[in-house]
Amino acid sequence: MKLLLALALAASMTASATAAKVEIKDYAFQKPSITIAAGSTVSWTNQDDDPHTVVADDKSFDSMGLGQGDVWSHTFTKPGTYHYHCGVHPFMKGTIVVTAVTKHV
Amino acid sequence: MKRDEFLECMAWGGTGVVYGLTNHGLIGRSLADASVKPLSAATRTFVQISDSHIGFNGKANDDVIATFQQAIDKINALPVAPEFVIHTGDLTHLSKPDQLDTVKQMLGTIKTGAFYAVPGEHDVINDNGDQFFKLFGRGNSQRWFSFDAAGVHSLALTNVVGITKGGILGRDQLEWARADLAKQSPDTPIAVMAHIPLYAVYPDWGWTTDDQSELLDMLRRFDSVTVLNGHIHQVLSKTDGKITFYTAASTAFPQPAPGSAPKPGPLTVPAGELAKLLGIRTVNIVEGSHQIAVVDESLAKQN
């Protein structure tokens with residue numbers, strides 16, 4: 054429910070905000086780099102039977118341990134480039150590029 | 004090491020892979036190829052177990068509690084109880100409280116003089132190991148410590164917190180190790196236990212420790228150093244001067260040989276093969292010498 058509320062809020066504030074999904078499978082973030090508008094939410098789902106985490110390189114977000122089938126979401130409000138990795142398998146790397154929202158008049 | 008030296012130091016009963024180690028180095032061979040007789044000198048023994056992954060529930064092993072119990076049964080069936088048992092990490096799969104509780108209870112049934120553990124990255128996944136060290140750290144949740152038992156001076160190290168490539172020991176731990184080792188005489192046999200290998204097994208998979216060379220340099224003045232690691236769920240060994248490294252089998256599931264698959268991870272093998280790839284390790288120290296026999300024994304039933 055929290056996620057839905059966050060999504061609804063994000064959507065009402067910025068028309069361009071979306072929800073994106075990243076599968077974690079075979080020890081890789083299946084979309085290694087994605088670009089989203091500020092306010093968008095990204096959901097990670099772990100498909101492997103080994104646990105993974107989604108941790109920002111600068112520690113600004115951390116999913117904690119995700120078992121098989123676990124989903125974790127994070128809403129990116131500030132534009133910028135966010136590099137992240139799996140805290141258990143640091144060779145797994147990903148990037149989220151958050152672009153500024155252009156306000157439509 | 005010449006063959007005659009090997010025969011001199013190596014004569015060991017049991018099953019599985021047998022290694023002979025002197026302060027000159029190591030040779031390993033399968034027991035099936037060797038005619039072995041028991042060592043006559045008095046020996047002291049400890050046991051290494053690793054990577055029990057309690058809480059794992061995947062194709063590679065649908066009952067990690069059962070295989071861990073088999074490993075415990077094997078230890079409890081040894082002719083002489085080991086002086087201590089060391090678990091080299093990944094006790095649990097997700098460091099959930101119920102998983103930690105289960106593994107702690109099971110470990111409590113091992114017949115041994117003392118139990119020690121170092122964490123794997125799975126044990127510190129949510130809290131940098133706070134829970135783990137409260138349960139298994141020495142004294143006041145110490146994250147690294149040393150102890151003297153079974154005729155060796157052992158360092159139990161943590162190299163899984165805050166990893167960004169391979170394992171990491173960190174400045175504080177390295178300085179502690181330097182001070183600890185400075186108090187030891189060069190002829191004291193040294194054992195070093197840590198989860199992630201302390202040599203470059205396969206850096207692309209993170210199977211190495213980023214700052215290991217500083218530790219290894221501190222160890223080079225000793226006549227006999229045995230490094231025991233887990234993490235990679237297979238038995239490998241390597242000799243570097245007077246330091247010999249051994250990685251251990253898991254009690255839960257195997258992993259691919261270094262570089263033999265696109266990625267590391269639980270390896271599913273045909274039914275009937277699993278127990279042959281899981282195991283326990285006995286480390287036997289010949290008293291008053293630097294001779295150490297490291298015996299890896301699988302969980303497969305012997306005929």
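Those protein sequences? They're chains A and B, same order as listed.
Residue numbering for the first sequence is 54 to 158, as defined by this note's numbering.
Residue numbering for the second sequence is 4 to 306, as defined by this note's numbering.
Yeah, the Cβ is synthetic: ideal placement off N, Cα and C, and Gly gets one too.
Fair warning: this is a prediction, and the values are worked out from it, not measured in the lab.
CA-CA distance, Lys266(B) to Glu290(B), rounds to 42 angstroms. Excluding five sequence positions before and after Thr191(B), the CB atoms of its chain that fall closer than 6 angstroms to its own CB belong to His156, given in chain order. Between Thr71(A) and Ala91(A) a beta carbon distance of about 11 angstroms is seen, past the 8 angstroms cut, so the two are scored as non-contacting. The distance from the Cβ of His90(B) to that of Ile57(B) is about 11 angstroms, inconsistent with a contact at the 8 angstroms cut-off. Per the Cβ contact rule, the segment 271-290 of chain B is in contact with the segment 70-81 of chain B (3 or more Cβ pairs under 8 angstroms).
The DSSP assignment places complete beta strand (DSSP E) segments of no fewer than 3 residues inside the segment 95-137 of chain B at 118-120, in order along the chain. By the Cβ test, the segment 112-124 of chain A is in contact with the segment 84-103 of chain A, since at least three Cβ pairs between them sit closer than 8 angstroms.
Residues Met221 of the same chain have their beta carbon placed closer than 8 angstroms to that of Arg181(B), with the five preceding and five following residues left out of the count. Under the Cβ criterion of 7 angstroms, Thr167(B) is counted among the residues facing chain A. Scanning its chain for C-beta atoms nearer than 8 angstroms, with the 5 sequence neighbours on each side dropped, one finds around Pro85(B) the residues Thr48, Phe49, Val50, Ile78, Thr115, Gly116, Ala153, Thr285, in chain order. Taking 8 angstroms as the upper bound on Cβ-Cβ separation, chain B lies near residues His138, Gly140, Val141, His142, Pro143, Phe144 of the segment 124-156 of chain A. Residues of the segment 79-101 of chain B with a Cβ closer than 9 angstroms to any Cβ of chain A, in chain order: His96, Leu97, Ser98, Lys99. DSSP places Met221(B) in the helix class (H, G or I) of the three-state scheme. CA-CA distance, Leu177(B) to Asn129(B), rounds to 24 angstroms. The beta carbon of Thr152(A) lies closer than 8 angstroms to those of Thr88, Ile89, Ala90, Ala91, Pro132 in the same chain, with the five residues before and after it left out. Contact with chain A is absent for Gly173(B), since none of that chain's Cβ atoms lies less than 7 angstroms from the residue's Cβ.
Under the DSSP definition of a beta bridge, Thr98(A) partners with Glu76(A), Val124(A). Along the segment 171-239 of chain B, the beta strand (DSSP E) occurs as fully enclosed runs of 3 or more residues at 193-196, 228-232, listed in sequence order. Val298(B) is classed as buried because its beta carbon has at least 16 other beta carbons within 10 Å across all chains shown. Per the Cβ contact rule, the segment 201-220 of chain B is in contact with the segment 158-174 of chain B (3 or more Cβ pairs under 8 angstroms). The shortest CA-to-CA distance from Phe248(B) to any of Ala203(B), Glu276(B), Thr271(B) is the one to Ala203(B).
Buried is the label assigned to Ala252(B), since at least 16 other Cβ atoms lie within 10 Å of its Cβ. The beta carbons of Ala303(B) and Asp54(B) sit about 17 angstroms from each other, so the pair does not count as a contact at 8 angstroms. In its chain, beyond the 5 residues on either side, Thr250 have a beta carbon closer than 6 angstroms to the beta carbon of Leu239(B). The beta carbons of Asp226(B) and His125(B) sit no closer together than 7 angstroms.
For the pair Thr70(B) and Leu281(B), the CB atoms are nearer than the 7 angstroms cut-off. Close CB contacts of Pro122(B) within its chain, under the 7 angstroms cut and outside five residues either way in sequence, are with Gly92, Gly132, Phe135, Thr161, Val163, His198 (chain order). What Thr71(A) touches in chain B, judged by beta-carbon distance under 7 angstroms, is nothing: the nearest beta carbon there is about 29 angstroms away. Around the beta carbon of Ala194(B), a 10 Å sphere encloses 16 or more other beta carbons of the protein chains shown; the residue is thus reported as buried. Bounds of the beta strand (DSSP E) holding Thr46(B) are 46-52.
The bridge partners DSSP lists for Thr71(A) come to none. Boundaries for Thr167(B): no beta strand (DSSP E) harbours it, and the DSSP string shows neither H nor E there.
Sixteen is the threshold: since fewer than 16 other Cβ atoms of the shown chains lie within 10 Å of the Cβ of Ser113(A), the residue is exposed. Taken in chain order, the unbroken stretches of beta strand (DSSP E) that lie wholly in the segment 259-304 of chain B and span 3 residues or more are 282-289, 295-301. Under the three-state reduction of DSSP, Thr155(A) is assigned to coil, being neither helix nor strand. Leaving aside the five residues that flank Ala63(B) on each side, the residues in its chain whose CB is nearer than 7 angstroms to its CB run, in chain order, Phe256, Pro269, Leu270, Thr271.
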